[in-house]
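Asks: Mapped onto the numbering used here, the consecutive letters of the sequence shown carry residue numbers 25 to 445. Every residue, glycine too, gets a C-beta built ideally from N, C-alpha and C. Please read all numbers here as calculations on a predicted model, not as lab measurements.
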Amino acid sequence: MLTQRIPLAERLRPVDLDTFIGQSHLLGNGAVLRKVIESGVLPSMILWGPPGVGKTSLANVIANTLKLPFHTLSAIAAGVKDVREVIEKAKRQGNAILFIDEIHRFNKGQQDALLGAVEKGTITLIGATTENPSFEVINALLSRCQIYILKQLEEKDLKTLANYAIERDIDIKQSGISIKEWDALFRIANGDGRKLLNIIELVSQNLDENKEVTNDLVQQIAQQKQIQYDKNGDLHYDIISAFIKSIRGSDPNAGVYWLARMIEGGEDPKFIARRLLILASEDIGNANPTALVLANACFDAVNKIGWPESRIILSQCVTYLASSPKSNAAYKAIANAQEEVRNSGNLSVPMPIRNAPTKMMKNQGYGLNYKYAHDFEGNFVLQEYLPDEIKDKIFYEPGKNKREADLRAYLKSKWQGKYNY
Numbered sequence: 025m026l027t028q029r030i031p032l033a034e035r036l037r038p039v040d041l042d043t044f045i046g047q048s049h050l051l052g053n054g055a056v057l058r059k060v061i062e063s064g065v066l067p068s069m070i071l072w073g074p075p076g077v078g079k080t081s082l083a084n085v086i087a088n089t090l091k092l093p094f095h096t097l098s099a100i101a102a103g104v105k106d107v108r109e110v111i112e113k114a115k116r117q118g119n120a121i122l123f124i125d126e127i128h129r130f131n132k133g134q135q136d137a138l139l140g141a142v143e144k145g146t147i148t149l150i151g152a153t154t155e156n157p158s159f160e161v162i163n164a165l166l167s168r169c170q171i172y173i174l175k176q177l178e179e180k181d182l183k184t185l186a187n188y189a190i191e192r193d194i195d196i197k198q199s200g201i202s203i204k205e206w207d208a209l210f211r212i213a214n215g216d217g218r219k220l221l222n223i224i225e226l227v228s229q230n231l232d233e234n235k236e237v238t239n240d241l242v243q244q245i246a247q248q249k250q251i252q253y254d255k256n257g258d259l260h261y262d263i264i265s266a267f268i269k270s271i272r273g274s275d276p277n278a279g280v281y282w283l284a285r286m287i288e289g290g291e292d293p294k295f296i297a298r299r300l301l302i303l304a305s306e307d308i309g310n311a312n313p314t315a316l317v318l319a320n321a322c323f324d325a326v327n328k329i330g331w332p333e334s335r336i337i338l339s340q341c342v343t344y345l346a347s348s349p350k351s352n353a354a355y356k357a358i359a360n361a362q363e364e365v366r367n368s369g370n371l372s373v374p375m376p377i378r379n380a381p382t383k384m385m386k387n388q389g390y391g392l393n394y395k396y397a398h399d400f401e402g403n404f405v406l407q408e409y410l411p412d413e414i415k416d417k418i419f420y421e422p423g424k425n426k427r428e429a430d431l432r433a434y435l436k437s438k439w440q441g442k443y444n445y
């Protein structure tokens with residue numbers, strides 16, 4: 025009889041902050057969450073991030089570091105009764121950490137059951153989610169928790185993790201594995217540490233005599249591994265990626281195929297609708313502003329109609345978005361503006377467009393010489409709205425499509441001599 029083998033990712037799960045790899049913005053020396061953990065005064069928190077970046081591991085590390093009783097529940101299987109049982113245990117223990125994996129899958133009633141214990145400090149809640157907590161966690165619980173955002177692992181983190189596995193795990197070390205090429209490992213892992221360790225373990229069991237890991241070997245072994253859609257597993261993220269890229273690429277046939285894969289796999293329809301809402305702005309935007317309106321209506325309708333009828337609404341939205349002209353100009357505009365803010369810091373607001381609610385502010389020049397656009401022909405007047413240091417900077421470049429060509433022509437006619445549209 026075969027014995028079940030503990031996966032490499034589980035065997036290498038970190039036990040303290042020094043063995044935790046990645047998330048330096050939270051856990052590096054002097055970083056915010058590290059300070060909180062080292063202080064010993066732990067707030068309830070939500071850990072939000074993609075799969076395989078260390079949410080569960082971090083919860084374990086926190087419990088080990090603070091030497092607190094640690095209870096864990098999976099939101100997929102647990103109910104209100106399970107929550108109440110843990111709370112009763114925590115009352116007897118004095119204080120305890122309750123870790124809830126995939127907390128976004130708890131309904132309102134289940135989340136309400138946590139409120140009193142979190143408020144009184146009976147439990148310190150650590151919730152993990154891959155979904156935006158603003159949508160999935162009730163406001164009353166959110167207000168009692170700190171939100172910490174975990175990021176995909178960078179290539180340097182993945183390399184550190186792979187080398188750590190080779191050095192520390194007995195089975196991997198004994199295989200004699202040596203990584204010669206990294207590109208395929210990085211591409212398949214896609215920032216997911218668990219996925220990286222899974223493929224390393226698989227490769228280590230299928231090495232040839234020279235023991236070297238190459239891109240071709242990784243690709244060959246990865247393709248041989250047959251995986252079915254699992255809404256709680258890694259392929260979930262590969263299929264949603266294919267889904268989004270098909271719609272972005274204006275292929276409604278591929279779009280509905282990947283939609284069907286998710287539907288047959290039991291995916292949460294709200295998750296699909298939310299991704300369509302993001303795509304409508306990120307990949308279509310002003311090339312067809314109606315796309316955002318339809319995607320928002322789709323999201324509302326999915327919440328109202330329920331399953332299985334809402335699959336038809338999703339299909340309508342998918343085919344419409346895939347058939348729409350595309351533009352990522354709005355996405356690029358905010359990305360460019362954020363980069364400028366990070367580079368140039370807090371530049372001063374020009375005096376004419378500052379708010380002047382008091383006489384003292386007016387005397388200091390706030391709002392002086394401001395030109396009210398509606399007082400001028402065409403509701404427009406040449407005026408400076410950007411800080412002097414970046415006064416000619418262009419962040420929004422209209423896309424190459426009919427609607428945004430009209431926007432470009434309008435802007436060019438108004439801003440002659442200032443912005444080079």
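#1: For the beta strand (DSSP E) holding T153, just list the boundary residues, first then last.
#2: Pull up the CB-CB distance for K132 and I111, whole angstroms please, since I reckon it's below 8 Å.
#3: Buried or exposed: where does W331 fall if 16 or more other Cβ atoms within 10 Å of its Cβ makes it buried?
#4: Would you list the residues sitting across from Y172 in a DSSP beta bridge?
#5: Just to confirm my understanding: we take R232, look at its own chain, exclude 5 residues before and 5 after, and list those with CB closer than 6 Å. What are they?
#6: Exposed or buried, which one is R218 when buried takes at least 16 other CB atoms within 10 Å?
#7: If you drop the 5 nearest sequence neighbours on each side, which residues of the same chain put their C-beta closer than 6 Å to that of G215?
#8: With distances taken from CA atoms, which of T89, I271 and P276 is nearest R299?
#9: Give the single residue among I121, A278 and I264 whose Cα lies nearest to the Cα of P293.
#10: What is the DSSP secondary structure of F130, counted as helix, strand or coil?
#11: Measure the alpha-carbon distance for Q170 versus F159 and round it to whole angstroms.
#12: Identify whether L2 lies in helix, strand or coil by the three-state DSSP scheme.
#13: Can you name, in chain order, every residue of its own chain whose Cβ lies under 7 Å from the Cβ of K415, other than the five neighbours on each side?
#14: According to the Cβ coordinates, are G309 and A361 closer than 7 Å?
#15: Any chance you could list the alpha helix (DSSP H) runs of at least 4 consecutive residues sitting entirely within the segment 348–379, in chain order?
#16: Decide yes or no for the touch test of the segment 187–197 against the segment 34–47: beta carbon pairs closer than 8 Å, at least 3 of them.
#17: Would you grab the beta carbon distance between E126 and I100 for me? Rounded to a whole angstrom, and I think it's under 8 Å.
#18: Nearest by alpha-carbon distance to T314: which of L283, S339 and S347 is it?
#19: Helix, strand or coil for I121 per DSSP?
#20: Is there contact here, the segment 68–79 with the segment 102–120, by at least three beta-carbon pairs under 8 Å?
#21: Compare the C-alpha of N327 against each of T343, A297 and S351 and name the closest.
#22: Is T96 helix, strand or coil when you go by DSSP?
#23: If A311 sits next to N425, beta carbons under 8 Å apart, how far is it from one beta carbon to the other, in whole angstroms?
#24: Since E428 is in the alpha helix (DSSP H), which residue starts that stretch and which ends it?
#25: Just to confirm before moving on: does the CB-CB distance between L174 and L220 stay below 7 Å?
#26: Going by other Cβ atoms of all chains shown within 10 Å of its Cβ, with 16 needed for buried, is Q252 buried or exposed?
#27: Ignore the nearest five residues each way along the sequence and tell me which others in K197's own chain have a CB closer than 8 Å to its CB.
#28: Measure from the alpha carbon of E333 to the alpha carbon of each residue in I287, P157, G140 and N84, then state which is nearest.
#29: Could you tell me the boundaries of the alpha helix (DSSP H) in which W282 lies?
#30: DSSP three-state label for Y445, please.
#31: Can you tell me whether DSSP reads I201 as helix, strand or coil?
#32: Report the CB separation of A380 from Y420 in whole angstroms; it is logged as a contact under 8 Å.
#33: Are the beta-carbon atoms of F323 and L338 separated by less than 7 Å?
#34: Can you tell me whether DSSP reads E236 as helix, strand or coil?
#35: Can you name the start and end residues of the alpha helix (DSSP H) that V446 belongs to?
#36: Tell me which residues share the same chain as L26 and place their Cβ nearer than 8 Å to its Cβ, disregarding the 5 neighbours each side in the sequence.
Replies: From the atom records:
#1: I147 to T153 is the span of the beta strand (DSSP E), which, as asked, contains T153.
#2: Contact flag wrong, Cβ pair sits at about 18 Å.
#3: W331 comes out exposed.
#4: Partner(s): L71.
#5: It is worth fixing the name first, because residue 232 is Asp in this sequence and not Arg. Non-local beta-carbon contacts of D232 in its own chain, meaning distances under 6 Å to residues more than five positions away in sequence, are absent.
#6: With 16 or more Cβ atoms within 10 Å of its Cβ, R218 is classed as buried.
#7: Counting only Cβ-Cβ distances below 6 Å, and skipping sequence neighbours, we find Q176 and L177.
#8: Of the candidates T89, I271 and P276, the one whose C-alpha sits nearest the C-alpha of R299 is I271.
#9: Looking at the Cα atoms, I264 is the closest of the given residues.
#10: When DSSP states are grouped into helix, strand and coil, F130 belongs to the coil group.
#11: Each residue's Cα considered, the two are about 15 Å apart.
#12: Lying before the first or after the last residue shown, residue 2 is absent from the chain, which here runs from 25 to 445.
#13: Excluding sequence positions up to five before and after K415, its CB lies within less than 7 Å of the CB of E408, all in the same chain and listed in chain order.
#14: No, the pair does not count as a contact, with Cβ atoms beyond the cut-off.
#15: If we require 4 residues or more, the alpha helix (DSSP H) runs fully inside the segment 348–379 come out as 353–368.
#16: The segment 187–197, when compared against the segment 34–47, does touch it at the 8 Å Cβ threshold.
#17: About 6 Å; that satisfies the 8 Å criterion.
#18: If we check each option's Cα against that of T314, S347 comes out closest.
#19: The answer is strand: DSSP assigns I121 an E or B state.
#20: In this structure the segment 68–79 does not lie against the segment 102–120, because fewer than three pairs of beta carbons, one per stretch, are closer than 8 Å.
#21: Nearest option by C-alpha distance: A297.
#22: Residue state, collapsed to three classes: strand.
#23: Taking a contact as a CB-CB distance under 8 Å, the pair A311 and N425 counts as one, their CB atoms being some 4 Å apart.
#24: For E428, the enclosing alpha helix (DSSP H) begins and ends at K426 to K438.
#25: Their beta carbons are not under 7 Å apart, which means L174 does not touch L220 by this criterion.
#26: Its pLDDT being 46, under 50, Q252 is placed unreliably in this model, and the value from its coordinates should be taken loosely. It counts as exposed.
#27: Excluding residues within five positions, the ones whose Cβ falls inside 8 Å are I190 and E191.
#28: With distances taken between CA atoms, E333 lies nearest to I287 out of I287, P157, G140 and N84.
#29: Judged by DSSP secondary structure, W282 falls within the alpha helix (DSSP H) whose first and last residues are P276 to E288.
#30: In the three-state scheme derived from DSSP, where H, G and I count as helix and E and B as strand, Y445 is classed as coil.
#31: Assignment of I201 by DSSP, reduced to helix, strand and coil, places it in the coil class.
#32: Rounded, the Cβ-Cβ distance is 28 Å, inconsistent with contact.
#33: No, Cβ-Cβ distance for F323 and L338 is not below 7 Å.
#34: If DSSP states are grouped into helix, strand and coil, E236 belongs with the strands.
#35: There is no way to answer for residue 446, as the model of the chain reaches only from 25 to 445.
#36: Below a pLDDT of 50, predicted positions are generally treated as unreliable, and L26, at 39, falls in that range; the measurement from the model is reported next regardless. For L26, where only same-chain residues beyond five positions count, there are no Cβ hits under 8 Å.
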